[in-house]
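Take a look at the structure below.
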Amino acid sequence: MELMDSKRFQGAARALARLHEAVSKDNLSEIERDGLIQRFEFCFEIMWKCGKDYLYDREGLDAASPKKVIRSLRDVGIFSDEETEQALKMVDDRNLTAHTYDEDMAKELAERIYVYEALLQDWYKKMVNA
52 MELMDSKRFQ
62 GAARALARLH
72 EAVSKDNLSE
82 IERDGLIQRF
92 EFCFEIMWKC
102 GKDYLYDREG
112 LDAASPKKVI
122 RSLRDVGIFS
132 DEETEQALKM
142 VDDRNLTAHT
152 YDEDMAKELA
162 ERIYVYEALL
172 QDWYKKMVNA
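All the letters of the sequence shown, read from the start, carry residue numbers 52 to 181 under my numbering.
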């Protein structure tokens with residue numbers, strides 16, 4: 052089966068569409084903001100796993116963690132150095148959402164998700180078109 056036809060890549064496309072829908076809304080209520088953060092979490096999780104699959108299938112590399120996947124994607128030309136830094140920050144933010152809930156942190160993270168969404172979309176397109 053072609054990697055891009057896998058259930059994981061199909062799921063990533065759906066998750067990215069849902070995240071895009073969420074970032075397209077203005078003036079989010081608290082519950083909508085929390086939904087945005089949850090969509091980001093899900094999207095990030097599926098994307099790093101797609102990256103892991105891509106690296107193994109296309110490059111023969113085995114990367115076992117999100118940060119290793121991101122650095123390896125830089126090494127094979129999917130990410131620039133700047134995108135790598137941004138993606139590594141995204142990992143840290145994702146880890147914060149899993150272990151901490153603070154209202155101020157949630158507001159700050161929600162603002163960064165607008166930038167992350169563009170990076171996630173670009174990441175997916177680069178893997179699909181590689």
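Just so you know, even glycine gets a beta-carbon here, dropped at the ideal spot from N, CA and C. If you're wondering where the values come from, they're calculated on a predicted model, not measured in any experiment.
Under the three-state DSSP convention, the category residue i falls into
i: ASN78; result: coil
i: LEU112; result: coil
i: ILE130; result: For clarity, residue 130 is Phe in the given sequence; the question names Ile instead. DSSP places PHE130 in coil when its eight states are reduced to three.
i: TYR175; result: helix
i: SER57; result: coil
i: ASP155; result: helix
Within 7 Å, strictly: CB atoms of residue i and residue j
i: ILE97; j: ALA66; result: yes
i: CYS101; j: ARG59; result: yes
i: ILE129; j: LYS177; result: yes
i: ASP22; j: LEU160; result: A question about residue 22 goes unanswered here, because the residues of the chain that appear run from 52 up to 181.
i: ALA73; j: ARG84; result: no
i: LEU171; j: GLN137; result: no
Assigned exposure category for residue i - 16 Cβ within 10 Å defines buried
i: GLU20; result: Absent from the model: residue 20. The displayed extent of the chain is 52 to 181, so no value can be given.
i: SER116; result: exposed
i: ARG69; result: exposed
i: GLU133; result: exposed
i: GLU154; result: exposed
i: ALA149; result: exposed
i: SER131; result: exposed
i: TYR175; result: buried
Among the options, nearest to residue i - alpha-carbon criterion
i: LEU106; options: ASP126, LEU79 and GLU83; result: ASP126
i: TRP99; options: ASN180, MET156, GLY62 and ASP155; result: GLY62
Neighbourhood of residue i by C-beta distance below 7 Å, restricted to the same chain and skipping five residues each side
i: GLU168; result: LEU70, HIS71 and VAL74
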